[in-house]
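Just so we're aligned, residue 281 is where the sequence shown starts under the numbering used here, counting upward by one.
Just below is one structure, and these are the notes that go with it.
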Amino acid sequence: MVAFDTFWGEQDQGYNAIFGRLRQGKHICEQVLTLVKERAAIEEDYAKKLAKLAKTFSPKEEIGTLREALDTLRTQLEISAKTHAAMASDVRTQIEKRLQENMAIQAAVRKKVEIQNLKNMRWLLKFLSNIMQYQAVIDKHMKLKQSQTTAVLKSKERYESKSLEVENLNLQLRGSLPQKEFDKLTLRRDKAQQAANQSEVDYKSGTAKLMEISSAWVTDWKTVCAEALILETKRLEFLRDDIWDFANMLSSVCVSDDQCCENVRMKLEQFDLESDLELFVKTRSTGAKIPEPIEYVKYRTREELERQAAENPYPSQTFTGTLGHNSLNANNDNYKGRFDTSSYNFSTASFRSDSKEGSIMSNTLPRYLSGDGELPTNFDTADRKLSLAADPLSNQPSENGDSYDDDEPYDPYDLPKTEYICEVQVKYDYLSQAVEELTIKKGQIIPVWSKGEDGWWEGSAVENGRTRKGLFPSNFVTVL
């Protein structure tokens, strides 16, 4: 083991080296504490931002396998946010707290304040106390040593000066001098010799005292060096352990983040482009028929209509409008030209332009064409053909392959067993006009079971406390 036995040198240079190192160690602990506190604050702030990001990220508009991957991404963001928040808490409660206790003990020892409830730091308190006690003793011995050294140097200088004076006087007395001069020099020499003898005594006693002080200082300095070695060893081990724990915490967060990324990648491996595209077409398709633009219809005054009715009360024409629950578009080749209205008198009919559908709507029609849902009991074959032509749902298959058979009564409470294909939200109120129709109100969420090619969809809703199914116009709703 390394020993602190090489801190001597002239003018006690080892003193500055040892206690300078202790001061540097304190400064390093402060820097590490600042680093840990700042990193914990960064982790906490990062965790809050991740949590906010995960909360605001909402991939509801996406569908299919990509939607699942995006949901996984949001979940992993939440997990990562919790991991970073936990890491910040651990750093504060473990590493930062230990460093603060370390700093508090050192400060308390310097100020001679008693420390309580710091069992894990008793070793530090003990050695710091010893160091501070030894430093006080060393400082006292050093001051004595320095002052005694100064006194010894002065007594040495005086002793050497007096001895030199005696030597010079003895040399002068050896020459031939008058008796009077000889007696005078002899007197001076005797006085100088007495002063030299006293300086020698002072010089010897000063050096002896300095030797005693130095011996005590050397003993105490060896003890200080040994204690400083222990303290420095403990400090280095303490910082190493704390930084090791800190690095492990950072590493665990990195591992957790990597696992979150791996979970997202695994979900993305299940992404199926064709499946997502097919799902979009199936749930959001609006039809393959390209609509034609609205044709020009010349405005005709009431007088012109009455005059035409008087001239030809049964004109043969193609009817375009709304019959019962079937919205018949003039551009639909399945129905164009199939309604021969020559047998019905429309002279009293009034017409209006429907700006939403771009078609002419009939306000006044025979009862079984006006949408009351019932056919007269005395209609003839021509009427029956007209009814069938006006009711394409009777022979047109729906999107899921079902067909509407007039021979079977429509049971609105016989709900489909299959899963609905989509959900819609009602834009406009619609009041049912037949038993097979469904009354819907603005804002309702309707599950759709089938889609007819004529634009009427079948869904279900609660009426009078019971869930029933029925048809409703698709242009009154928005697909969710």
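Note that beta-carbon positions come from the ideal geometry of N, C-alpha and C, so glycine has one too.
From residue i to residue j, what distance separates their C-alpha atoms?
i	j	result
residue 580	residue 573	21 Å
residue 340	residue 577	44 Å
residue 689	residue 333	55 Å
residue 753	residue 708	10 Å
residue 542	residue 755	45 Å
residue 823	residue 309	No statement about residue 823 is possible, as the shown extent of the chain runs from 281 to 760 and does not include it.
residue 625	residue 741	Interpretation of residue 625 is limited by its pLDDT of 38, a score under 50 that renders its predicted location unreliable; the figure taken from the coordinates is listed afterwards. Using only the alpha carbons, I get a separation of about 39 Å.
residue 456	residue 474	25 Å
Evaluate residue i with the Cβ neighbour count: other Cβ atoms within 10 Å of its Cβ, from every protein chain shown; 16 or more gives buried, anything less gives exposed.
i	result
residue 582	exposed
residue 458	exposed
residue 515	buried
residue 501	buried
residue 731	buried
residue 298	buried
residue 490	buried
residue 521	exposed
residue 567	exposed
residue 511	buried
Hey, would you say residue i sits closer than 8 Å to residue j, going by beta carbons?
i	j	result
residue 747	residue 704	no
residue 368	residue 331	no
residue 479	residue 425	no
residue 356	residue 533	no
residue 508	residue 421	no
residue 540	residue 322	no
residue 472	residue 442	yes
residue 728	residue 700	yes
residue 313	residue 383	yes
residue 751	residue 736	yes
residue 504	residue 415	yes
residue 476	residue 446	yes
residue 465	residue 451	no
residue 745	residue 726	no
Spatial neighbours of residue i within its chain, please: C-beta separation below 7 Å, excluding the five flanking residues on both sides.
i	result
residue 316	371, 375, 376, 379, 526
residue 327	361, 364, 365, 368
residue 548	349
residue 721	706, 709
residue 468	449
residue 712	718, 719, 750
residue 319	371
residue 290	none
residue 352	543, 544, 547
Give every residue of the same chain whose Cβ lies closer than 6 Å to the Cβ of residue i, excluding the five residues on either side of it in the sequence, and list them in chain order.
i	result
residue 483	435, 436, 439
residue 724	706
residue 486	431, 432, 435
residue 692	748, 749, 750
Hey, would you say the C-beta of residue i is under 7 Å away from at least one heavy atom of the ligand FAD?
i	result
residue 587	With respect to the ligand FAD, the structure offers nothing, as it holds no ligand at all.
Within its chain, find whatever has a CB closer than 8 Å to the CB of residue i; leave out the 5 residues flanking it on each side and keep chain order.
i	result
residue 272	The requested residue 272 is not part of the displayed model; the chain covers only 281 to 760.
Contact between the region 524–533 and the region 369–376 is defined here as three or more beta-carbon pairs at a separation below 8 Å; is this criterion met? These segments touch.
Does the region 341–349 come within contact of the region 548–565, defined as at least 3 CB pairs closer than 8 Å? The way I'd put it, the region 341–349 does touch the region 548–565; three or more beta-carbon pairs between them come closer than 8 Å.
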